[in-house]
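Participant: So that we are looking at the same thing, I have put the structure below in structure tokens.
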């Protein structure tokens, strides 16, 4: 199930893998004047052995325009094989200017530990809406959203207007070897998996 998870403060570009030390992928050409955007995320339950299941993110959607504009846009075909790695198991959604690793004087390691603490507490509670927001530039409302991602494969897609303006971003994480059973109810959007 995809649910509203919060708002992301925007500045020039967006990345799904902030804090990465190798490579990176930034989506530019955002709509002029747009300062924030809603963030929707879909999650699933993942179980390791006999441990209780924990929520992990499989999709994040960031609409940057109204639904009619997004529907009329052309979607890209993804990153073309480029797969930035999660940082310690987290996809970090942020604008480059608010990336914890880019903010001068910021302790990005402390931000990563705090996000991990919040998500670990959510795991212990069995929380489905399990993610963390870290405010990185308080005077501008700059933030980074940390989502737990364990899937082996990652990709991202842009919905583009003819002039190249990005009007929606969709990020996915999945496993080719995922053997979870999907029931007919789950295929119709009803969550039938969980603790």
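Numbering (the working numbering), first residue to last: 9 to 203. The beta-carbon is built from N, C-alpha and C at its ideal position, and this holds for glycine as well.
For residue 22 versus residue 155, is the C-beta distance shorter than 8 Å?
Facilitator: Between residue 22 and residue 155, the C-beta spacing is not below 8 Å.
Participant: Please classify residue 50: does DSSP put it in a helix, a strand, or coil?
Facilitator: Note: residue 50 maps to strand in three-state DSSP.
Participant: Less than 7 Å between C-beta atoms, sequence neighbours within five positions excluded: which residues of the same chain meet that for residue 116?
Facilitator: The answer, listed in chain order, is 27, 108 and 109.
Participant: Could you spell out the range, first to last residue, of the alpha helix (DSSP H) harbouring residue 141?
Facilitator: According to the DSSP assignment, residue 141 belongs to no alpha helix (DSSP H) but to the beta strand (DSSP E) extending over 140 to 145.
Participant: By the three-class DSSP mapping on this structure, what secondary structure does residue 162 have?
Facilitator: strand
Participant: Straight-line CA distance for residue 175 to residue 86?
Facilitator: 15 Å
Participant: Inspect the CB distances between the stretch 128 to 147 and the stretch 161 to 175 and report whether three or more fall short of 8 Å.
Facilitator: Judged by Cβ distances under 8 Å, the stretch 128 to 147 makes no contact with the stretch 161 to 175, as fewer than three pairs qualify.
Participant: Just to confirm my understanding: we take residue 44, look at its own chain, exclude 5 residues before and 5 after, and list those with CB closer than 7 Å. What are they?
Facilitator: 15, 16, 17 and 18
Participant: Tell me, to the nearest whole angstrom, how far the beta carbon of residue 42 is from that of residue 101; I am working on the premise that it is less than 8 Å.
Facilitator: About 15 Å separates the two Cβ atoms, so there is no contact after all.
Participant: Whole angstroms are fine: how far does the CA of residue 161 sit from the CA of residue 105?
Facilitator: One Cα belongs to residue 105, the other to residue 161, and the distance between them is close to 26 Å.
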